[in-house]
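Novice: Read the sequence shown against UniProt numbering and you will find it ends at 320, with the numbers running on by one and no gaps.
I'd like to ask some things about the structure below.
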Amino acid sequence: MSPCGFVTRIIHATAEDVHLDYLDAGANIIITASYQATIQGFEAKGLSREEGEVLLRRSVEIAREAREIYYDRWTKDSWDFVEAGNISRRPILIAASVGSYGAYLADGSEYSGKYGDSVTLETLKDFHRSRVQILASAGADLIAFETTPNKLEAQAYAELLEEEGINIPAWFTFTSNDGINAASGDSILECASIADSCKQVVAVGINCTPPRYIHSLISHIRKVYIYIYIYKHITKDYHNSLNEQVSSKPIVIYPNSGETYDAVNKKWVKSSGVNDEDFVSYLDKWREAGASLFGGCCRTTPNTIRAISRALFDKSNTDT
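Structure, rendered in structure tokens:
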């Protein structure tokens with residue numbers, strides 16, 4: 001058996017089970033196991049380019065297969081919805097994960113965005129181009145550009161989507177270490193503005209960031225939409241325009257547990273992390289601030305998603 005065949009079997013066996021665990025917990029979107037998967041990374045491990053491409057496509061196929069398995073074994077006890085007295089299976093989307101350049105480097109720079117002066121916009125576009133092409137054509141419903149630490153990489157993603165004519169939607173999510181700026185120190189407003197200006201981007205948000213910072217970051221992203229709205233309506237009465245509904249792309253939020261990642265020892269350190277109950281307690285504030293899509297990132301589990309699903313389900317029943 002070739003190394004690629006061996007790796008593919010391992011990925012299939014574990015990733016499919018993980019996807020199913022999250023679907024059973026109530027997830028509406030599952031993200032492929034391709035966050036750190038790159039052609040360059042596979043080649044560094046001795047795989048050919050063709051084998052690397054197979055693995056990237058396989059990450060999408062496995063998620064799609066998990067969705068079909070879930071639908072096949074669907075029961076009334078699953079987290080699905082009732083309409084006019086009939087139980088219906090809920091829509092499930094497959095998001096192809098694209099991690100940052102720093103995730104490939106595996107040196108902790110995905111959490112700092114400090115790539116050095118030699119890394120340019122063109123460097124990042126060339127690095128990401130092939131895997132974006134492969135993942136976009138593999139059958140995913142959307143592309144999730146995740147854990148984006150700086151505005152340079154966001155610009156690279158936006159230009160790639162346009163240049164390559166990617167015909168499936170995308171979301172951009174950023175990380176923050178302080179609740180104000182992106183991990184690199186770039187303004188979260190500038191980062192969100194880049195995402196908002198890209199027509200293929202259907203949602204903008206934050207991931208892999210401690211829950212305690214999320215409310216502030218949502219507020220900063222909302223400011224982008226307010227500024228854009230005011231600019232578009234500059235000839236109207238300024239104060240009246242603020243009172244109108246501000247048009248915006250949905251804000252997607254999936255924080256980590258709040259624990260700290262030790263990039264030197266490459267492990268998570270339990271410090272100010274939150275349990276599932278505490279995590280869910282933030283939801284109302286995040287919704288009120290303007291977020292509409294919720295999930296969990298590093299160190300969260302299917303139990304976290306189950307708690308989120310139940311909380312949102314209970315909230316929707318209370319509101320109706």
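Glycine included, C-beta positions come from ideal geometry on N, C-alpha and C.
Should Pro250 go down as buried or exposed, given a rule of 16 or more other Cβ atoms within 10 Å for buried?
Specialist: With fewer than 16 Cβ atoms within 10 Å of its Cβ, Pro250 is classed as exposed.
Novice: Can you tell me which of Val264, Glu43, Ile30 and Pro149 puts its alpha carbon nearest to the alpha carbon of residue 404?
Specialist: Here the chain comprises residues numbered 1 to 320, so residue 404 is not present and cannot be evaluated.
Novice: Which of helix, strand or coil does DSSP assign to Leu32?
Specialist: Looking at the sequence provided, one finds Thr at residue 32 rather than Leu. If DSSP states are grouped into helix, strand and coil, Thr32 belongs with coil.
Novice: Tell me where the beta strand (DSSP E) around Val252 begins and ends.
Specialist: From DSSP, the beta strand (DSSP E) with Val252 extends over Ile251 to Tyr254.
Novice: Is Lys267 buried or exposed, if buried means 16 or more other CB atoms sit within 10 Å of its CB?
Specialist: Burial call: exposed.
Novice: Quick check: the Cα distance between Leu20 and Arg64, rounded to an integer number of angstroms?
Specialist: Rounded to whole angstroms, Leu20 to Arg64 spans 11 Å at the Cα level.
Novice: Between Cys191 and Ala158, is the Cβ-Cβ spacing less than 8 Å?
Specialist: Cβ atoms of Cys191 and Ala158: not closer than 8 Å.
Novice: According to DSSP, Phe294 sits in a beta bridge with which residue or residues?
Specialist: Per DSSP, Ile253.
Novice: When the distance is taken between beta carbons, is Leu189 closer than 8 Å to His215?
Specialist: Against a cut-off of 8 Å, the Cβ pair of Leu189 and His215 comes out as no contact.
Novice: Please report the straight-line C-alpha distance between Asp186 and Cys298, rounded to a whole angstrom.
Specialist: Spanning the two alpha carbons is a distance of roughly 22 Å.
Novice: Using CA coordinates, which residue listed in Ala203, Val202 and Tyr213 is at the minimum distance from Asn181?
Specialist: With distances taken between Cα atoms, Asn181 lies closest to Tyr213.
Novice: Quick check on the DSSP output: what are the complete alpha helix (DSSP H) runs of length 4 or more inside the region 46–127, in order along the chain?
Specialist: The qualifying runs are 49–72 and 101–105.
Novice: Could you tell me the alpha carbon to alpha carbon distance between Gly258 and Asp17, rounded to whole angstroms?
Specialist: Rounded to whole angstroms, Gly258 to Asp17 spans 25 Å at the Cα level.
Novice: Reducing DSSP to helix, strand and coil, say where Gly273 ends up.
Specialist: Gly273 falls in the coil class under three-state DSSP.
Novice: Please classify Gln40 as buried or exposed, where buried requires at least 16 other C-beta atoms within 10 Å of its C-beta.
Specialist: When all chains shown are included, Gln40 counts as exposed.
Novice: Since I believe Ala103 is in contact with Gln200 (beta carbons under 8 Å), could you give me their beta-carbon distance rounded to a whole number of angstroms?
Specialist: About 21 Å separates the two Cβ atoms, so there is no contact after all.
Novice: Tell me the start and end of each unbroken beta strand (DSSP E) in the region 132–196 that is at least 3 residues and wholly inside, in chain order.
Specialist: Runs found: 142–148 and 170–174.
Novice: The alpha helix (DSSP H) spanning Ala203 covers which residue range?
Specialist: Segment Val201 to Asn207 is the beta strand (DSSP E) holding Ala203; no alpha helix (DSSP H) there.
Novice: Which whole-angstrom value is the C-beta distance of residue 321 and Asn256, which I expect to be below 8 Å?
Specialist: The chain is shown from 1 up to 320; residue 321 falls before or after that span and cannot be answered.
Novice: In chain order, what residues of the same chain have a beta carbon less than 6 Å from the beta carbon of Gly113, not counting five sequence neighbours either side?
Specialist: Correct list, in chain order: Pro149, Asn150, Ala183 and Ser184.
Novice: So is Val274 buried or exposed if we call it buried at 16+ other beta carbons inside 10 Å?
Specialist: With 16 or more other Cβ atoms within 10 Å, it is buried.
Novice: Roughly how many angstroms lie between the CA atoms of Arg131 and Tyr115, to the nearest whole one?
Specialist: Each residue's alpha carbon lies about 20 Å from the other.
Novice: Considering only C-alpha positions, which residue in the set Glu68, Asp278, Val98 and Ser176 is nearest to Thr300?
Specialist: For the residues Glu68, Asp278, Val98 and Ser176, the minimum Cα distance to Thr300 belongs to Asp278.
Novice: Assuming Leu142 contacts Ile168 under a Cβ cut-off of 8 Å, what Cβ separation, rounded to an integer in Å, is found between them?
Specialist: About 6 Å; that satisfies the 8 Å criterion.
Novice: Taking Val60 and Ala140 to be in contact with their CB atoms under 8 Å, please state how far apart those CB atoms are, rounded to whole angstroms.
Specialist: So it is a contact: roughly 5 Å between Cβ atoms.
Novice: Locate the alpha helix (DSSP H) running through Arg299, then write down its first and last residues.
Specialist: Where Arg299 is concerned, there is no enclosing alpha helix (DSSP H), given that its DSSP letter is neither H nor E.
Novice: Leaving out five residues on either side along the sequence, give the residues of the same chain with a beta carbon under 7 Å from the beta carbon of Phe42.
Specialist: Contacts found: Glu51, Gly52 and Leu55.
Novice: Just the C-alpha distance for Ala203 and Arg58, rounded to the nearest angstrom, thanks.
Specialist: Cα to Cα, Ala203 sits roughly 25 Å from Arg58.
Novice: Report the rounded CA-to-CA distance for Val280 versus Ala311, giving the unit in angstroms.
Specialist: Near 7 Å, if we compare the C-alpha coordinates of Ala311 and Val280.
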